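Working notes, beginning with the structure itself.
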Amino acid sequence: MLDLSLLEYAAIGFFAVTGALMAAEKEMDIFGFILLGTVTGIGGGTIRDLLLGDVPIFWVKDPIFIIVCASVSTLVFFAREMPEQRLKLLLWLDAAGLAVFAIRGAHKALAMGTGPTVAIIMGVITATFGGIIRDILGNEIPLILRREIYVTAAFIGVLVYLAGLYTLPPAVAAGLGMIVALLVRVLAIQFHWSLPTYKAKI
Amino acid sequence: MLDLSLLEYAAIGFFAVTGALMAAEKEMDIFGFILLGTVTGIGGGTIRDLLLGDVPIFWVKDPIFIIVCASVSTLVFFAREMPEQRLKLLLWLDAAGLAVFAIRGAHKALAMGTGPTVAIIMGVITATFGGIIRDILGNEIPLILRREIYVTAAFIGVLVYLAGLYTLPPAVAAGLGMIVALLVRVLAIQFHWSLPTYKAKI
Amino acid sequence: MLDLSLLEYAAIGFFAVTGALMAAEKEMDIFGFILLGTVTGIGGGTIRDLLLGDVPIFWVKDPIFIIVCASVSTLVFFAREMPEQRLKLLLWLDAAGLAVFAIRGAHKALAMGTGPTVAIIMGVITATFGGIIRDILGNEIPLILRREIYVTAAFIGVLVYLAGLYTLPPAVAAGLGMIVALLVRVLAIQFHWSLPTYKAKI
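Chains as they are written, first to last, in the working numbering: chain A, 1 to 202; chain B, 1001 to 1202; chain C, 2001 to 2202.
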């Protein structure tokens, strides 16, 4: 079975940093950083596992995930040279986490025996809910409501992954899905890409 | 055992439409429609099943629910002749979903062996949380905070259903509960009914 | 094993009152009080048990918790002599609930076999998420974002409890942890204590 655990650590770390950056935005103290960073880092995967019935949740079984989140949140708190464009950095790390979690969510759903429909929605939920929880706790407009392609990047990445599984080795399909999701999202941020929206049609 | 599954499809579809209407309000693209429609459609039942410990969740076992949500969301996206009063339509469909989910939530709790107290709160949570998730993701004031009777309609419907179970056939009790909940909510919307609120007493 | 169940009833009642006070703030009707009071009272413990995989949730097994929440919410609704400073009362009861739930969350995690890292984060999540759900449903800025020490009080209380377990009888360690968490939070409210925040360092 394809092992995505190293990538998962990275993605959880990325999301934890975005949570900590939100905590910085809100001028929270160090324990606020740790809570917001940790909840953001593990949020998407937690909801995924709850829905799949894989309890106790992964980070209860293996607390290293919490230590990763708490550590990066603490590092962000003590980073004296925070880049001015915190929101920009948040968007990029969020994009990287989104790409990995989309594939990882779909991959885990398939591994637990679901079909492709559930895998798609599970990938998208895993990818987006960590950020949604972060934005709600930070009292910010959720990223999913922003005009630039966001949910779509997760959808497309998962579709590429699922299609790839028919012909490619799993690791290649997964890598391809992540790269496509990341590219779509990063280009969308950079060039303010958006799909036609509802209003645009009227 | 009483089978409410057909009605559940309908209610999930209604809620999915309200999620898609919210996505239209927010000018999201098609994948945003699908995510918001799906999460709204399956949200209440998902929380119900998590709380009852019935995992994997119903839509993981049976992906047809996701296909229903994704399909109606897509239909709403491509509907060229959207009525002007989108919010009104949202309120009515939300009322229909609320009525069915209240009874369905209580019914499933009873079927899993809980007593009436748990059944009542489970009915109300099932009925209201899909809409709550929709409103939070859409960054709108939750419907439960609006002045018109809302939570109350779900409560009353469930109470009628539970009372009816003592004397009526289950299907009749369930139907009666749904009709009462729907009527109460629809009349409340139409005539701006509200119960005495806290402030009103001072 | 240390039995914290009596204290848990009290803490659930405290949180239910804060939920009902929020419902009063929002001028909800009695069923709104019951829903908001109940969800706030049982919210933190519900998320704790979902994450630990202890389902059905405690209040599904034992509906007395719901009856407690519904009763105190109803009492608050009919209380004619509500103190003027509702927000202040909410803060103090929230502090008491926070202190008990922090220790109770950590205690239950340990009892289910987790290590101290998971116990810490579980204590903090149990302590804070009831209030977070209340603030989100009430459309208010979450308390965790306020400047006064909040998350930190829960963290410190749990750390004192875990440290105490090495040398003290469990009941004493738990009591000490609760008192410290409560003191830290109450003093923070009273004297507007706050830790250095991110911005303060620049």
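Ideal placement from N, C-alpha and C gives every residue a C-beta, glycine not left out.
Note that the coordinates shown come from a computational prediction; the quantities given were computed from them, not determined experimentally.
Practice item. Consider the Cβ of B:D1135: report whether some Cβ of chain A lies at a distance smaller than 8 Å. Key: no
Review point. CB C:V2151 to CB C:V2124, shorter than 8 Å?
Key: yes
Exercise for review: Quick one: which unbroken beta strand (DSSP E) runs of 3-plus residues sit fully inside the region 1007 to 1060 of chain B? Chain order, please.
Suggested key: none
Point to revise | Contact set for C:H2107: own chain, Cβ-Cβ below 7 Å, skip 5 residues either direction | key: L2002, L2004 and A2174
Check your understanding: From A:G204 to B:T1117, what does the alpha carbon distance come to, in whole angstroms?
Key -> There is no way to answer for residue 204 of chain A, as the model of chain A reaches only from 1 to 202.
Point to revise | Boundaries (first-last residue) of the alpha helix (DSSP H) holding C:H2107 | key: R2086 to A2111
Check your understanding: Between which two residues does the alpha helix (DSSP H) carrying C:T2074 extend?
Key -> I2064 to F2078
Check your understanding: Do you know offhand how far C:L2035's Cα is from B:I1121's?
Key -> 8 Å
**Study point:** Burial state of B:Y1198 (16 or more Cβ within 10 Å)
**Key:** buried
Check your understanding: Are the C-beta atoms of A:S73 and some chain B residue less than 8 Å apart?
Key -> no
Review point. Does A:I141 have its Cβ less than 8 Å from a Cβ in chain B?
Key: yes
Review point. Taking any Cβ of chain C, which residues in the region 3 to 34 of chain A have a Cβ under 8 Å from it, in chain order?
Key: A23, A24, K26, E27, M28, D29, I30, F31, G32, F33 and I34
Practice item. Measure the C-alpha to C-alpha separation of C:A2024 and C:F2077 and round it to an integer number of angstroms. Key: 7 Å
Practice item. Along the alpha helix (DSSP H) that carries B:T1128, what are the first and last residues, could you check? Key: P1116 to L1137
Review point. Among the residues of its own chain, which have a CB less than 6 Å from the CB of B:G1130, if the five just before and after it don't count?
Key: F1015, T1040, G1043 and G1044
Practice item. Work out the CA separation of A:R104 and B:L1093 for me, nearest whole Å. Key: 35 Å
Practice item. Pick out whichever of A:L7, A:L21 and A:Y9 has its Cα sitting closest to the Cα of A:L137. Key: A:L21
Point to revise | Partner residues on chain C for A:T126, Cβ-Cβ distance less than 7 Å | key: In chain order: nothing, as chain C lies at least about 16 Å away.
Practice item. For B:I1047, decide whether its Cβ has a neighbour in chain A, counting only Cβ atoms nearer than 8 Å. Key: no
Exercise for review: Taking B:M1077 as the query, report the chain A residues whose CB atoms sit under 7 Å from its CB, ordered along the chain.
Suggested key: Here the sequence assigns Phe to residue 1077 of chain B, which means Met is not the residue at that position. What B:F1077 touches in chain A: Y198.
Review point. The alpha helix (DSSP H) with B:L1182 in it runs from where to where?
Key: P1170 to F1191
Exercise for review: Please classify B:Y1161: does DSSP put it in a helix, a strand, or coil?
Suggested key: helix
Point to revise | Which of helix, strand or coil DSSP assigns to A:T152 | key: helix
Check your understanding: By Cβ distance below 8 Å, which residues in the same chain neighbour B:V1172 in space, the five residues on each side in sequence not counted?
Key -> G1164
Check your understanding: Does the beta carbon of B:V1180 sit closer than 8 Å to a beta carbon anywhere in chain C?
Key -> no
Exercise for review: Kindly say whether A:V68, judged by its beta-carbon, lies nearer than 8 Å to any beta-carbon of chain C.
Suggested key: no
Review point. Does the distance from the C-beta atom of B:V1068 to that of B:V1017 stay below 8 Å?
Key: no
Point to revise | Pair within 8 Å by beta-carbon distance, A:A153 and A:L98 | key: yes
Practice item. Would you kindly work out how many angstroms separate the C-alpha atoms of C:T2128 and C:H2192, rounded to a whole number? Key: 19 Å
Point to revise | Collapsed DSSP secondary structure at B:S1005 in the structure displayed | key: helix
Review point. What's the C-alpha gap between B:L1166 and B:V1160?
Key: First, the residue type needs correcting, since residue 1166 of chain B is Tyr and not Leu in the sequence shown. So the alpha carbons of these two residues sit roughly 10 Å apart.
Check your understanding: By Cβ distance below 8 Å, which residues in the same chain neighbour A:I179 in space, the five residues on each side in sequence not counted?
Key -> A99
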